Structures are given as structure tokens and as C-alpha cells.
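Visitor: Encoded as C-alpha cells, here's the structure I'll be asking about.
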Amino acid sequence: MYLPTAFAEDRLEVKHGLIRAYPLGMLVIAGAAPSADLVPFALYPDEGDAGLGVLRAHIARANPAWRTLAAGGVECLVVFQGPEAYISPSWYASKAASHKVVPTWNYAMVQVRGAARIVEDAAWLRRQLGDLTAMQENGLPEPWAVSDAPADFVDGLLKAIIGIEIPIASIAGKWKVSQNRSTADAEGVVAGLRARAEPMAALVAERIEAEVKPD
């Protein structure tokens, strides 16, 4: 990933926070024929020998991607995409002075790398399903649990999936949120984004306000 210093996010807890908020990651496997699948992940931040956490997920047994991982020693890339928004040059205060401005895109993302292992143990799979469900159902008025489904139905589903565990070997965060612009330009971008009255644009505006410091 191209990562200019101005956009590098080095705080592990912040990167973990994005994974929790946007757990549907793009799992990229560089096999003989590279594959990419959107997969929901559960993060276990206090596990892993590198001190960076562990990701756990499952995919359909019918998905041939797991066979590449089963060979062992295959490094995976998982990309977690946070909020993003188009940035119009008309929002920059500096536009009036020079007109030397161009459109861009602001976004936040995390890339995780690690060697994956395949898990077929039913107890492991049941825990992964339960943990992932609990993480997403938390806060709902009537949270659903895996135990709400008939046991024989769940047992049948477990036979149709394969577990994936990725101890995180490296984790990189890129927050491109106008850090390379002046305070006046950044404030103009925030105002422009908020004027769009779109949830995603508002999230990007919040990240700009958190990251850009006064001149």
C-alpha cells in the first residue's frame, strides 16, 4: 500500500477500532489464481504472538479459496474499508487565491497481513459463529443468538463452512483526511461534506476534525 507519512495511522487501538466498526473485510489470497472475497471477521485484539491480535472468520466449504490456504504457509491480505467521500476542489479556501487545486478522495482503511490456517473443528466454528453474531447483534432491541436456531439446523450449517484464523503479522492504517491541507482548506472540506447531508460524508468530516490540527 502506498502510504505517505502524513496519512499513516500508527495507533493500534485506532486501527482495531476501524476493523470493529467495518468488519466486512476483503480477503485476498495470492494463489495460482488470486482470489478476493468479502468476509465478515471477528477481531481478538489480545491474542497472537506478535501482539497485534488475531482475525477469525468462516467461508463456505464450496468456496475453493480455502484449499489454497490448506496447503499451508500462504500469506493473506485482508482490507478493511472505512468511511470515504469525494472531495471537491471548490471547498478549498486556497482555490480563491491560486486555483491550483484538484479533486481528490478522502478515506480510511486498514490492511492486515498474516499466514492463515484452516479450521474444521466444530467447537471452534460454533464459537466463531457465536462471537461474530454477538458482536453484530449487540445493541439491538432483541438480539438474536445462534442458540435461537434449532441445534440440528446449526449442526448442518457447521458442516457447510470452513474456519479461517489469521494471526496478524502486520497491520497498516491509512487515514487520508486532508492532513496535507491548510487548516482553512480542511475546514472548507468539513463544511462541504456536512452540506451534503449524507451519513458517509458526515463520518469523513468527523475524521478530518479529529486529525487536522490548527496551523
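So in the numbering used here, the last spot in the sequence shown is 930, and the numbers never skip.
Idealized CB from N, CA, C, for every residue including glycine.
Note that this is a predicted model, so its numbers are computed, not measured.
Report the three-state DSSP secondary structure of E880 (helix, strand or coil).
Guide: Against the sequence shown, residue 880 aligns to sequence position 165. Reduced to three states, the DSSP call for E880 is strand.
Visitor: Excluding five sequence neighbours on each side, which residues of the same chain lie with their C-beta closer than 8 Å to the C-beta of P749?
Guide: Here residue 749 refers to the residue found at position 34 of the sequence shown. Excluding positions up to five away in sequence, the list reads V743.
Visitor: Assign M824 to buried or exposed, taking buried as 16 or more other Cβ atoms, counted over all protein chains shown, within 10 Å of its Cβ.
Guide: By 1-based counting over the sequence shown, the position of residue 824 is 109. It counts as buried.
Visitor: If you draw a straight line from the alpha carbon of Y807 to that of H814, how long is it in whole angstroms?
Guide: Translated into the one-based positions of the sequence shown, residue 807 becomes position 92. Translated into the one-based positions of the sequence shown, residue 814 becomes position 99. Looking at the two C-alpha atoms, the distance is approximately 9 Å.
Visitor: Which two residues bound the contiguous beta strand (DSSP E) that contains Q796?
Guide: Position 81 of the sequence shown, counted from the first residue, corresponds to residue 796. Its beta strand (DSSP E) spans residues E790 to I802.
Visitor: With a Cβ-Cβ cutoff of 9 Å, do I879 and R832 count as a contact?
Guide: For the purposes of this step, residue 879 is taken as residue 164 along the sequence shown, with counting starting at 1. For the purposes of this step, residue 832 is taken as residue 117 along the sequence shown, with counting starting at 1. Yes. Within cutoff.
Visitor: Strictly by DSSP, which residues pair up with G763?
Guide: Taking the sequence shown and counting its residues from 1, one reaches residue 763 at position 48. DSSP, once it has assigned bridges, lists no residue as partnering G763.
Visitor: Check D836 in the structure and name its three-state DSSP category.
Guide: Position 121 of the sequence shown holds residue 836. Note: D836 maps to coil in three-state DSSP.
Visitor: Any contact between the region 846-855 and the region 751-769? By contact I mean 3 or more CB pairs, one from each, below 8 Å.
Guide: yes
Visitor: Find out if the Cβ-Cβ distance for the pair G888, A723 is shorter than 9 Å.
Guide: Residue numbering aside, residue 888 sits at position 173 when the sequence shown is read from its first letter. Residue numbering aside, residue 723 sits at position 8 when the sequence shown is read from its first letter. Yes, Cβ-Cβ distance for G888 and A723 is below 9 Å.
Visitor: Going along the chain, which residues of its own chain have a beta-carbon closer than 8 Å to the beta-carbon of E799, five neighbours each way excluded?
Guide: Translated into positions along the sequence shown, residue 799 becomes position 84. So the list reads W820, N821, Y822, A823, M915 and V919, once near-sequence residues are dropped.
Visitor: Using the three-state DSSP reduction, which class does Q843 fall into: helix, strand or coil?
Guide: Numbered from its first residue, the sequence shown carries residue 843 at position 128. Q843 falls in the helix class under three-state DSSP.
Visitor: Taking only runs that begin and end inside the region 854-914, name each unbroken beta strand (DSSP E) of 3 or more residues, in chain order.
Guide: 876-882 and 885-891
Visitor: May I ask you to report which of helix, strand or coil DSSP gives S809?
Guide: On the sequence shown, residue 809 is found 94 positions in, with the first residue counted as 1. In this structure, S809 counts as coil in the three-state DSSP scheme.
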